[in-house]
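The numbering used here puts the last residue of the sequence shown at 181; the count rises by one with no breaks.
Think of the CB as a built atom: it goes at the ideal place given N, C-alpha and C, for glycine as much as any other residue.
First the structure, in the form of structure tokens, and then the observations on it.
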Amino acid sequence: MIYTKTGDAGTTSLVGGTRVAKCDIRVEAYGTVDELNAHIALLAEMIRHDDAVEYAHLKEAQQHLFTIQTLLATECAVEFDLPQLPAEAVTALEGYIDNLQAQLPALHSFVLPGGTLAAAQGHVARTVCRRAERQMVELGTEAAVEPQLLAYVNRLSDYLFVLSRHIVLLQGGKEDLVTLG
């Protein structure tokens, strides 16, 4: 059954059973990672037929984000055999970033989100990723958050930025640069 009615009063259970308010920073953090995962799913489907390599990288990121959600939803004192973020996850993202960046023109200005529909969605995912990172940092003021999780989410936002630029070129769009002054 999909509905349990246990959350009708505004609380939810963490992994381990403790009930907390649905506005608890831990719930906000893993909920935003869940939102990010959905935005990345949309982006992945938008580029599925244009770039199989980056599609696969986005699907990998979704798996990692689900792991991060699970870890954020788990009470520190609870001992479970939970999946962990692979040790090489951050360096893998760095490799993806470096590979894409080598194919892009140098950037000497800020980029306005857009260029193509998929690139705009990449920027939406990037901004949600940054919010997830901020919420994870805030959670870290109250509970332990593994540094590797923060590093991964930070690097993922960088990847989403570079990927959005790549998508503009791949799909024949045009980057709009910010003109100041």
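State the start and end residues of the unbroken alpha helix (DSSP H) segment that holds V168.
The residue labelled residue 168 in the question sits at position 168 within the sequence shown. If you look at V168, you'll find it in the alpha helix (DSSP H) that goes 147–170.
Assumed close pair A132, V33 - CB separation to whole angstroms, cut-off 8 Å
Position 132 of the sequence shown, counted from the first residue, corresponds to residue 132. Position 33 of the sequence shown, counted from the first residue, corresponds to residue 33. Confirmed, Cβ separation roughly 5 Å.
How would you write the range of the beta strand (DSSP E) that V20 sits in, first residue to last?
Reading the sequence shown from its first residue, position 20 is the one you call residue 20. Segment 19–21, the beta strand (DSSP E) holding V20.
Please classify H123 as buried or exposed, where buried requires at least 16 other C-beta atoms within 10 Å of its C-beta.
Counting from 1 along the sequence shown, the entry for residue 123 is found at position 123. Classification of H123: buried, given that the 10 Å Cβ count is 16 or more.
Taking the CB atoms as reference points, tell me whether E35 and V128 lie closer together than 8 Å.
Locating residue 35 in the sequence shown gives position 35, counting from the first residue. Locating residue 128 in the sequence shown gives position 128, counting from the first residue. For E35 and V128, yes; Cβs fall inside 8 Å.
Leaving out the 5 sequence neighbours to the left and right, which residues in its chain are closer than 6 Å to A73 when beta-carbon positions are compared?
For this step, residue 73 is matched to residue 73 along the sequence shown. Closer than 6 Å at the Cβ level, and outside the excluded window around A73, lie L14, V15, Y30.
Nearest residue (CA-CA) to I68, options D50, Q84, Y55, H49
Your numbering for residue 68 matches position 68 in the sequence shown. Taking only the C-alpha atoms, the option nearest I68 is Q84.
Mind checking whether Q62 and I40 have CB atoms under 8 Å apart?
Translated into the one-based positions of the sequence shown, residue 62 becomes position 62. Translated into the one-based positions of the sequence shown, residue 40 becomes position 40. The answer is yes: Cβ separation under 8 Å.
So what does D176 bridge to, in DSSP terms?
Position 176 of the sequence shown, counted from the first residue, corresponds to residue 176. According to DSSP, which records beta bridges pairwise, D176 is partnered with L112.
With contact counted as at least three CB pairs below 8 Å, one residue from each stretch, are the region 110–126 and the region 149–166 in contact?
yes
Beta bridge counterpart(s) of T15 as assigned by DSSP:
As a working note, residue 15 is residue 15 in the sequence shown. Looking at the sequence shown, residue 15 is not Thr but Val. According to DSSP, V15 bridges with T74.
Spell out a yes or no on whether the region 96–116 and the region 163–178 are touching, meaning 3 or more CB-CB pairs, one atom from each, closer than 8 Å.
yes
On the DSSP letters alone, give me the boundaries of the alpha helix (DSSP H) that T91 sits inside.
Sequence index remark: in the sequence shown, residue 91 carries index 91 (1-based). First-last of the alpha helix (DSSP H) with T91: 89–102.
Contacts around H57, its chain only, beta-carbon distance under 7 Å, and the 5 residues preceding and following it disregarded
Here residue 57 refers to the residue found at position 57 when the sequence shown is read from its first residue. Around H57: Y96.
T4 in three-state terms, based on DSSP:
The count along the sequence shown starts at 1 and reaches residue 4 at position 4. Residue state, collapsed to three classes: coil.
For G140, collect the residues of the same chain with a Cβ closer than 8 Å to its Cβ; drop the 5 residues on either side in sequence, then sort them by chain order.
The sequence position of residue 140 within the sequence shown is 140, counting from 1. Answer for G140: L150, listed in chain order.
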